[in-house]
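Before any comments, here is the structure.
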Amino acid sequence: MPDQLSEIFGALADPTRRDLVARLAVGDATVGELAAPYEMSVQAVSKHLQILQRAGLITKHPVAQRRSVHLEAEVFDLMTKWIERYQRQAEERYSRLEALLARMDEDCNVVRGELKETS
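Take the sequence shown: its position 87, counted from the start at 1, is 87 in UniProt numbering, and no numbers get skipped.
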């Protein structure tokens with residue numbers, strides 16, 4: 001069974017599902033409301049929502065006669081922490097590279113300076 005992070009990224013790999021998440025970030029909606037702007041059936045949108053639900057990105061709640069779809073924002077914390085960890089590592093690597101290049105530039109300038117003095 002895939003881990004939750006793989007499920008989340010897999011669910012968000014599809015542009016329609018990313019759009020659904022973006023729309024749900026504005027507010028809860030019914031399946032019918034979510035399906036309205038797409039040129040696909042309500043059943044097709046429901047399948048997309050099932051994938052998002054399996055990944056833990058959304059939940060469905062009964063409201064009167066309808067089912068309201070709700071975005072589970074805390075799931076994004078898991079993604080954010082994962083991304084930030086690798087972002088920090090990349091930034092540290094670039095800082096070390098920048099420092100190395102600066103030292104090499106200084107060494108080069110020293111050598112050039114010595115060559116000018118001996119000429």
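Every residue gets a Cβ at the ideal spot worked out from N, C-alpha and C, and that includes glycine.
Same chain, Cβ closer than 6 Å to residue i, five either side skipped, listed in chain order
i    : result
Glu7 : Ala55
Three-state class that DSSP yields for residue i in the structure shown
i      : result
Ser68  : strand
Pro37  : coil
Ala90  : helix
Val110 : helix
Ala55  : coil
Ala13  : coil
Asp77  : helix
Chain-order list of residues whose beta-carbon lies under 7 Å from that of residue i (same chain, five-residue window excluded)
i      : result
Val75  : Ile8, Gly56, Leu57
Met1   : Legend: pLDDT at Met1 = 45, less than 50; position of this residue unreliable, no value from coordinates given.
Glu106 : none
For residue i, the residue or residues it bridges with in DSSP
i     : result
Ala22 : Ala22 is not bridged to any residue.
Pro62 : Arg67
Thr30 : Ser68
Cβ pair residue i, residue j closer than 9 Å
i     : j     : result
Leu12 : Val45 : no
Met79 : Leu5  : yes
His48 : Arg17 : yes
Gln50 : Thr59 : no
Arg66 : Gly10 : no
* Quick one: any contact between the region 27-46 and the region 59-78, if contact means 3 or more CB pairs under 8 Å? -> For the pair of segments examined, the region 27-46 was found to touch the region 59-78: the number of CB pairs separated by less than 8 Å reaches three.
* Asked: Is there contact between the region 39-50 and the region 80-98, where contact requires at least three CB pairs shorter than 8 Å?
  -> No: fewer than three Cβ pairs fall under 8 Å.
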